[in-house]
Every structure is written in structure tokens, then in C-alpha cells.
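See structure below.
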Amino acid sequence: MAILELMQINLLSPMVLAFALGIIATLVHSDLKLPDELYTTLSIYLLLAIGLKGGIALAETSLAVFWAPALATLILGVIIPLIAYAAARRIGKLSIADSAALAAHYGSVSAVTFAASQTFLDTIGIKFEGFMPALVAILEVPAIVIALLIAQMAGGQQGGDWKAAVRELLTSKSILLLVGGMAIGWLAGPRGGKEVAPLFVDLFKGALTFFLLELGMVAARRFRDLPAAGLFLLGFAIIMPIINGTLGVWLGHLAGLSLGGSTILGVLAASASYIAAPAAVRIALPQANPGFYLTAALGITFPFNLAIGLPLYYTLATWITGGA
């Protein structure tokens, strides 16, 4: 398919349209709002469902198949924060704290973007490896830790508690649910997975649609910070995902992933965290400006990836892998 056709398919999916509805609701000052309890429940459900499906797939995957993609993911977790920090510090002339905060967010991963990428590939009929959720968990932590270490070594953590930030990260709900869900899925195996499939598989896309409706409203509220963020941050939040996504697709192909798997690894590399990373950065780098890292990750990169990035990374993957 041509990229314009892929973009049309993606933009007309219920999930993306729900996200757009959330943006519109905020821009017209509607009183639409999901209850906080529902938003929290949906986030728990999505993270646990992703972990469960990954664990069930891991139970049927040999180490010989899994080790290379896992290593490629770890490499991404090291390289991406270094690239992001250097770009923000040297090109954007941002402070050490702000540069490290951006590196933490862009080196980590968005589980919702990952879920949207699976739905997109399902829609266009592209298969992918079942263990991809395990790579989400692998990519979640290392980049954040590396970014905080960069700030510490460069002297940008005045007033921050690095150890407390790492504890917050490792005990956060995103890590616990992803890793815990994978452990449950791995131990239960395919037989146990069938027992919970009506909830965690059949209803997944509907729950994701609800969640993206709320995220559309959240993202739209960050739009007011765009003028203060400046042109560099706008360019960073679009160009960096494309660079990272290309790197992810290429490493995925080298690691032996299929076209679909390489696309998803590209999406993981291109995404920016807005759940785990903000909590850790808030503790370790209190002087970092949330208007920069939250606006970039949630207000620019997330909508870009959801609307344009998914078909773009798939197209890049078809070029790099030769459509295999």
C-alpha cells in the first residue's frame, strides 16, 4: 500500500478518531471528561493486558528466537537517550536538567502507542511476533536510568534524589503491571490465556478507544504550552521520533524480526513515555521544566506518532526489510 493509503486507514480507525474527538472536545471547551477512576482503571487494564499477552507468547517462544530482539531493544535503550541528550543540549542549548529530562522521556516507551501499533498492523493484515510486549518492558527502564545518570555526571541534579527516582520507577504501576502481567501470562501459558481472553483480548480495542478519547483531551491541554516551548522543541518532538523509529526498524531487521515486528520495534523506539518517565524525572530532576518534556512527549510526539508515525514506520520497515 502507498503511504497515503496507509495514513487514511490509520486516521479513520476508531482509536485515532476517538483521540481526535478528545482534542476537539477540549478546544471547544466541552464539559466532556472521563471520571478519574475510569481513566485509572483503563490504564491499569491496558498495561496488564499488554503484559499478559506478552507473557503468554513468551511461554511459547524459545530463547534462541527471543535473545536477539531483546538485545536490540537494550541497545536502543542505551543509544536513544544519548542521542536525545546531545541534540537537546548542543543544538537546542537547553539546560542539563531539561536535556536529561527529554532524554529520559524519548528513550523510554509509550505503551499506548505500542497498543495502537498492534491495532494498526491487525487492520492492514500484517503479522508480528507475539512476544513484542516483552520488549516494551525491556525498553521502559534503562533509558530513564541512563538519562538520570547523564544528569548526575554532568551536574544537573541539584536538589534531586536519584535513588528515590529509581525506586519510584521500579515500583511504578507501569513497570509492575507490565512485568507482573508477563510473569502471570508466562506461568499460566496459553491454556490460562484462553480463560481470560474474553476480557483481556476481546475487549482490548474498545478499552483502548476509551483511553485515547481521554488522552486526546489531555494532549489538547498541552497545546497551550506550545508557544513557550519554541521551534526547537517542535522540531525535536517530530524529528527525533523519525530518527529513533528508523533506528528501531533497522535494528529489528538485523535481529531477525518480521516486517510487523520490525515496525513495532520502530514504533517503540519512536515513542515517548508520559507515564513512567515523568514520575522519575519529577523526583530526580525537579528543576527540569515540565512544560518542555510533557508538551514534547504528550502534546507533539504522541499525536504525531498516532496520526502519521504508524504508517510512516511501517513504510520504512517495508523499505528496510524488503517487505519480508
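All the letters of the sequence shown, read from the start, carry residue numbers 2 to 325 under the working numbering.
Cβ atoms here follow ideal geometry from the backbone N, Cα and C, with glycine treated the same way.
None of the values given here were measured: they were computed from a predicted structure.
key: R90 burial status per 10 Å Cβ neighbour count (16 or more: buried)   = Residue burial annotation: R90 is buried, with at least 16 other C-beta atoms found within 10 angstroms of its C-beta.
key: A65 versus K94, A238, A256, F201, residue with shortest Cα-Cα distance   = Proximity to A65 across K94, A238, A256, F201 peaks at A256, based on C-alpha coordinates.
ask   = If we count the other Cβ atoms within 10 Å of its Cβ and call it buried at 16 or more, is P279 buried or exposed?
value = Answer is buried; the Cβ neighbour count reaches 16.
ask   = At what residue ranges does the region 112–153 contain a whole run of the beta strand (DSSP E), taking only runs of 3 or more?
value = Entirely contained in the region 112–153, not one beta strand (DSSP E) run reaches 3 residues.
inquiry  = I'd like the span of the alpha helix (DSSP H) that includes S175, first residue to last.
reply    = Boundaries of the alpha helix (DSSP H) harbouring S175: 174–201, taken from the DSSP string.
inquiry  = I need the DSSP call for S100, collapsed to helix, strand or coil.
reply    = Here S100 sits in helix by DSSP.
query = P228 to L59, Cα distance in whole Å?
reply = Approximately 45 angstroms between the Cα atoms of the pair.
request  = Quick one: residues in its chain with C-beta nearer than 7 angstroms to the C-beta of L269, no 5 flanking neighbours on either side, listed in chain order?
outcome  = In its chain, beyond the 5 residues on either side, V110, F115, L136, V137, L140, G249 have a beta carbon closer than 7 angstroms to the beta carbon of L269.
inquiry  = Under DSSP, the alpha helix (DSSP H) around E61 begins and ends at which residues?
reply    = Looking at the DSSP string, E61 is not in any alpha helix (DSSP H), and its letter there is neither H nor E.
ask   = At a cut of 8 angstroms, does the region 11–23 reach the region 207–226 through at least three beta carbon pairs?
value = Cβ pair count under 8 angstroms is three or more, so yes.
message = By the DSSP assignment, the alpha helix (DSSP H) with A229 in it spans what residues?
response = That run of the alpha helix (DSSP H) goes 227–255.
inquiry  = Please return the same chain residues whose Cβ sits closer than 7 angstroms to the Cβ of L81, not counting the five positions on each side in sequence.
reply    = This sequence places Ile at residue 81; Leu is not what is there. Excluding sequence positions up to five before and after I81, its CB lies within less than 7 angstroms of the CB of Y107, G108, A144, N245, A270, all in the same chain and listed in chain order.
message = So, does the region 207–215 touch the region 7–22, judging by three or more C-beta pairs under 8 angstroms?
response = Yes, they touch.
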